[in-house]
Amino acid sequence: MDRITGNLYLTQPLDREREDRYMFQVHAVAEGSGNAEDPIDVIVKVIDQNDNKPTFAQNTFLGEVPEASPTDLEVIKVEATDIDQPNTANSDIRYRLISQEPQLPSDFLFVINPVTGVIRVNASGLDREKYPTYTLVVQAADMAGEGLTGEAKVILTVTESNDNAPASTQPSVSTTYF
């Protein structure tokens, strides 16, 4: 604090995630008299900066999806958090799919809800015999999708359903009964 002007100055950087406010008392002393005024409380609130990116609960999410699933079937939910100030744009996360491998039978076989992180089937064509797994890369971005980002993988295993007619491995056999 400048003794003449009363201006406060920082002596080191502040980090809102460590300490979001500082409280102290100051008092004024009249020059020459040595008499101090009654102290007053000063509260300094640290304004949040968008200095933390969203982080997922895990680096890789594992899930299963039945082959021949209908569109809009919920498959898995991913979740990320941001330690910047809650309920501000700095911690307002939006999700999006960055990639899908393989991109068959459709580039957009899955879709993610940008607010909830729920991944759903978006197109038909899941077939375990052709494509047994899918790897998705999901991005979480703060500032309502326009800020810092974090990524995670989602590995989906396509599970079998009874979609093939039975076939005999033996040649035809005929039997005669008397």
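Going by the UniProt record's numbering, the sequence shown opens with residue 1, and the numbers climb by one from there. Glycine is no exception: its CB is placed at the ideal position from the N, C-alpha and C atoms.
Beyond the five residues adjoining it in sequence on each side, residue 62 comes within less than 6 Å, by CB distance, of 155 in the same chain, given in chain order. Looking only at 8, 125 and 66, the smallest Cα-Cα distance to residue 43 is reached by 8.
If you check the CB distance, residue 153 and residue 135 come in under 8 Å. Taken in chain order, the complete beta strand (DSSP E) segments of 3 residues or longer contained in the UniProt domain "Cadherin" (1-56) are 21-26 and 40-45. Remark: C-beta atoms of residue 64 and residue 159 approach each other more closely than 8 Å. Selection 14, 115 and 47 evaluated against residue 138 yields 115 as nearest (Cα-Cα). Counting every other CB atom within 10 Å of its CB across the protein chains shown gives residue 39 a total below 16, marking it as exposed.
Taking a cut-off of 8 Å on C-beta distances, the stretch 28-39 does not touch the stretch 85-104, as fewer than three cross pairs fall below it. Here residue 119 is buried, its C-beta having at least 16 other C-beta atoms within 10 Å. The closest CA to that of residue 59, considering only 21, 177, 81 and 145, is found on 81.
In the three-state scheme derived from DSSP, where H, G and I count as helix and E and B as strand, residue 89 is classed as helix.
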